[in-house]
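The working numbering applies: residue 20 is where the sequence shown begins, and numbers increase by one. Yeah, the Cβ is synthetic: ideal placement off N, Cα and C, and Gly gets one too.
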Amino acid sequence: MLRILSLFMADLHGTSNNNDIVSISTTGSGKSPTFWILLFIPEAVQIVITPLDILRRQNVETLGKVGIQAIMIIAELSTAENFQVRITSAEIEVNGQLRDAVVK
Numbered sequence: 020m021l022r023i024l025s026l027f028m029a030d031l032h033g034t035s036n037n038n039d040i041v042s043i044s045t046t047g048s049g050k051s052p053t054f055w056i057l058l059f060i061p062e063a064v065q066i067v068i069t070p071l072d073i074l075r076r077q078n079v080e081t082l083g084k085v086g087i088q089a090i091m092i093i094a095e096l097s098t099a100e101n102f103q104v105r106i107t108s109a110e111i112e113v114n115g116q117l118r119d120a121v122v123k
């Protein structure tokens, strides 16, 4: 719990200073709430890069349960618009396609 609180406070501090934030931690360590809290900033948009389909699906499902619209950026859905969170895989970024997927 202390680790999660520490991550959250670091992210919150960075956000309040208008800094970009990168959080890296192991799967299952509880880091998701540290970046989801930032969605309460008006007009915030987040791009979450996850390595596995199951993690993308879990993020979309969990956010939906609290009323936050999210979408996975995959080939068949990459043209969807008006979502606050876009959850994608590292492959899209590695191939240089992340900007194109977000701008569509």
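Whole-angstrom C-beta distance between residue j and residue i, which should lie under 8 angstroms
{"i": "residue 89", "j": "residue 78", "result": "6 angstroms"}
{"i": "residue 127", "j": "residue 87", "result": "Any property of residue 127 remains undetermined from this structure, which presents the chain solely from 20 to 123."}
Span separating the alpha-carbon of residue i from that of residue j
{"i": "residue 48", "j": "residue 82", "result": "18 angstroms"}
{"i": "residue 54", "j": "residue 43", "result": "11 angstroms"}
{"i": "residue 76", "j": "residue 91", "result": "7 angstroms"}
{"i": "residue 85", "j": "residue 68", "result": "20 angstroms"}
Beta carbon proximity, residue i to chain C, threshold 8 angstroms
{"i": "residue 43", "result": "No chain C is part of this structure, which consists of one protein chain only."}
Beta-carbon proximity list for residue i, same chain, < 8 angstroms, skipping 5 on both sides
{"i": "residue 51", "result": "78, 81"}
{"i": "residue 46", "result": "74"}
6 angstroms Cβ shell around residue i - same chain, five flanking residues per side excluded
{"i": "residue 73", "result": "none"}
Item to check | Any beta strand (DSSP E) of 3 or more consecutive residues that is wholly inside the stretch 38-94 | outcome: Taking only runs of at least 3 residues, the beta strand (DSSP E) segments lying wholly in the stretch 38-94 are 65-68, 89-91.
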